[in-house]
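Report on one structure; see the data block that follows.
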Amino acid sequence: MNNHRTEFLSSILNNKKNLAELVAAAIVIGLGISFIASSIFEYFDFKYKNLIFLIIGSILTLIGFIFYLNKFFGRKKFSKKIEGFFILDKKEKKVIDIDNYDYANKLASNLKYAFKEDKALKKTWNKVDFENVFKKGMKFLEIINEASEYYLLEKLSSHLSVYFNNSKFDKDELVEYERNDIPRRSS
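According to our numbering, the sequence shown is numbered sequentially starting from 152.
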């Protein structure tokens with residue numbers, strides 16, 4: 152877990168370093184292009200060349216700025232594959248607690264609580280053929296995926312709560328959402 156945190160912090164520092172390198176490279180490239188453009192400008196001789204080159208240069212510069220602003224400040228998407236395991240008791244139809252393995256323990260307890268809260272979910276779980284779960288177990292996998300997503304969201308929520316409780320920032324800038332504020336996704 153600590154290794155993932157280190158990788159994340161390293162990626163942030165690398166992004167800052169990459170931004171500084173990009174700015175430096177842009178300045179050098181800009182100067183080079185300026186010299187080339189001056190030479191091209193002097194090479195051509197036609198009416199309104201100042202205006203035409205100004206318009207073309209402005210459009211190209213604007214396109215470049217829009218591209219990089221979108222790249223750095225645009226919507227960020229990422230995908231992360233997280234591996235884990237759990238032990239399934241096929242006869243009892245339940246996930247087994249594993250000593251010192253948080254994911255499996257939380258998965259087992261989350262499923263137990265979910266089944267108490269939602270009888271239809273428990274009924275669906277009990278209908279699963281656990282002897283052939285990976286052949287015909289699509290409902291089983293859906294339930295496990297939902298429980299795993301809940302586990303990850305709970306971990307993220309705890310981590311963010313600790314961060315924001317220990318950080319000094321303007322509390323008015325923080326927007327908190329409750330469970331009911333998040334729209335349900337349609338299946």
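All residues carry an ideal CB built from backbone N, CA and C; glycine is no exception.
- Query: Using CA coordinates, which residue listed in K232, K167, G183, I217 is at the minimum distance from L303?
  - Reply: Residue numbering aside, residue 303 sits at position 152 when the sequence shown is read from its first letter. The shortest Cα separation from L303 among K232, K167, G183, I217 belongs to K232.
- Task: Would you check if the segment 211–219 and the segment 257–270 touch, i.e. whether three or more CB-CB distances between them fall below 8 Å?
- Result: no
- Message: Looking at the strands, I want to know which residues DSSP matches up with K290.
- Response: The residue labelled residue 290 in the question sits at position 139 within the sequence shown. DSSP, once it has assigned bridges, lists no residue as partnering K290.
- In whole angstroms, what is the alpha-carbon distance linking D240 and N331? As a first step, residue 240 is located in the sequence shown; it is residue number 89 there, counting from the start. As a first step, residue 331 is located in the sequence shown; it is residue number 180 there, counting from the start. If you take the alpha carbons of D240 and N331, they lie about 34 Å apart.
- Mind the definition here: the segment 267–282 touches the segment 308–315 only if three or more C-beta pairs lie below 8 Å; say whether that holds. Three or more Cβ pairs closer than 8 Å define a contact, and the segment 267–282 falls short of that threshold against the segment 308–315.
- Message: Contact defined as beta carbons within less than 8 Å: I believe K244 pairs with W276. What is the distance between those atoms, to the nearest angstrom?
- Response: The count along the sequence shown starts at 1 and reaches residue 244 at position 93. The count along the sequence shown starts at 1 and reaches residue 276 at position 125. Right, their Cβ atoms sit about 7 Å apart.
- Query: Whole-angstrom Cβ separation of F186 and F204, contact assumed at under 8 Å?
  - Reply: As a first step, residue 186 is located in the sequence shown; it is residue number 35 there, counting from the start. As a first step, residue 204 is located in the sequence shown; it is residue number 53 there, counting from the start. In fact, because the Cβ distance is near 14 Å, the residues do not count as touching under 8 Å.
- Task: Keeping to the same chain, check which residues put their C-beta closer than 6 Å to that of I247; ignore five residues upstream and five downstream.
- Result: Residue numbering aside, residue 247 sits at position 96 when the sequence shown is read from its first letter. So the qualifying residues of the chain are I238, D240.
- Report the three-state DSSP secondary structure of K257 (helix, strand or coil). Position 106 of the sequence shown, counting from 1, holds the residue named residue 257. Reduced to three states, the DSSP call for K257 is helix.
- Item | Three-way DSSP call (helix, strand, coil) for I184 in this model | As a working note, residue 184 is residue 33 in the sequence shown. DSSP places I184 in helix when its eight states are reduced to three.
- Query: What whole-angstrom Cβ distance do L272 and I294 have, given they're in contact under 8 Å?
  - Reply: Indexing the sequence shown from 1 puts residue 272 at position 121. Indexing the sequence shown from 1 puts residue 294 at position 143. Right, their Cβ atoms sit about 7 Å apart.
- How would you call E329, buried or exposed, if buried means at least 16 neighbouring beta carbons within 10 angstroms? For the purposes of this step, residue 329 is taken as residue 178 along the sequence shown, with counting starting at 1. The residue is exposed, with fewer than 16 neighbouring Cβ atoms inside 10 Å.
- Task: Would you tell me roughly how many angstroms separate the C-alpha atoms of I249 and A255, rounded to the nearest one?
- Result: If you number the sequence shown from 1, residue 249 lands on position 98. If you number the sequence shown from 1, residue 255 lands on position 104. So the alpha carbons of these two residues sit roughly 6 Å apart.
- Message: Please classify F291 as buried or exposed, where buried requires at least 16 other C-beta atoms within 10 Å of its C-beta.
- Response: Here residue 291 refers to the residue found at position 140 of the sequence shown. That one is buried.
- Who pairs with I247 in a beta bridge, going by DSSP? Taking the sequence shown and counting its residues from 1, one reaches residue 247 at position 96. In the DSSP output, where bridge partners are listed per residue, I247 has I238.
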